[in-house]
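A.B. asks:
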C-alpha cells in the first residue's frame, strides 16, 4: 500500500504530496491553502486537465456534458451528489463538450452523458448510460482500481 500520494489542487493546480491516511482529514493545498476536496465536482478544460489526468494518485471520474442535451441536468445533479460518497478516493470532474470539443475528441468522447474513469492518463471504464446517484456510485465502486 502507498504511504504517500500526489493530489492536484482544484484551485491553483499545484501538486500536493500527502500521507495517504491524511486524505480523509480535509487536507489543504500547500500553495494556496484551500481545501483539496471541496465537496463538489470540478470543471476541467484543455488547460488544466493534464494536472488531474497525469499527476493525481487517485482516479478521476469525469462527466462529459452538453448544454444542448436536456437529460444532462438530472445527470449533473446526480453526479454532483456522488462527490460526498466517492471523494476523496475518486476525484469527480466535469467537461463541457460544447466548449471543450478538442479535449473530448482527444479522449474519444463523442456524446454527452458519457462518464469515464481515468487513472494516470489511462481510461479504466466508460459508460453512456443515464444513471441516478446510487447507480453512479455502484458503477464507480464496481471498477477494479488496482492502484
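Numbering (the numbering used here), first residue to last: 115 to 261. Glycine included, every Cβ here is placed at the ideal spot set by N, Cα and C.
#1: Given a threshold of 16 other Cβ atoms within 10 Å of its Cβ, counted over all protein chains shown, does residue 197 qualify as buried or as exposed?
#2: Helix, strand or coil for residue 249 per DSSP?
#3: Report yes if the CB atom of residue 135 is closer than 8 Å to the CB atom of residue 171, and no otherwise.
#4: In chain order, what residues of the same chain lie with their CB nearer than 8 Å to the CB of residue 250, ignoring the 5 residues before and after it?
#5: Do you know whose CA, among 173, 217 and 222, lies nearest residue 238's CA?
#6: Assign residue 137 to one of three DSSP states: helix, strand, or coil.
C.D. replies: Reading off the structure:
#1: Label assigned to residue 197: buried.
#2: DSSP, reduced to helix, strand and coil, places residue 249 within a helical segment of the structure shown.
#3: Result no, Cβ atoms of residue 135 and residue 171 do not sit closer than 8 Å.
#4: Taken in chain order, the residues that qualify are 192, 193, 196 and 229.
#5: Checking every option, the nearest Cα to that of residue 238 belongs to 173.
#6: Residue 137: helix per DSSP, three-state reduction.
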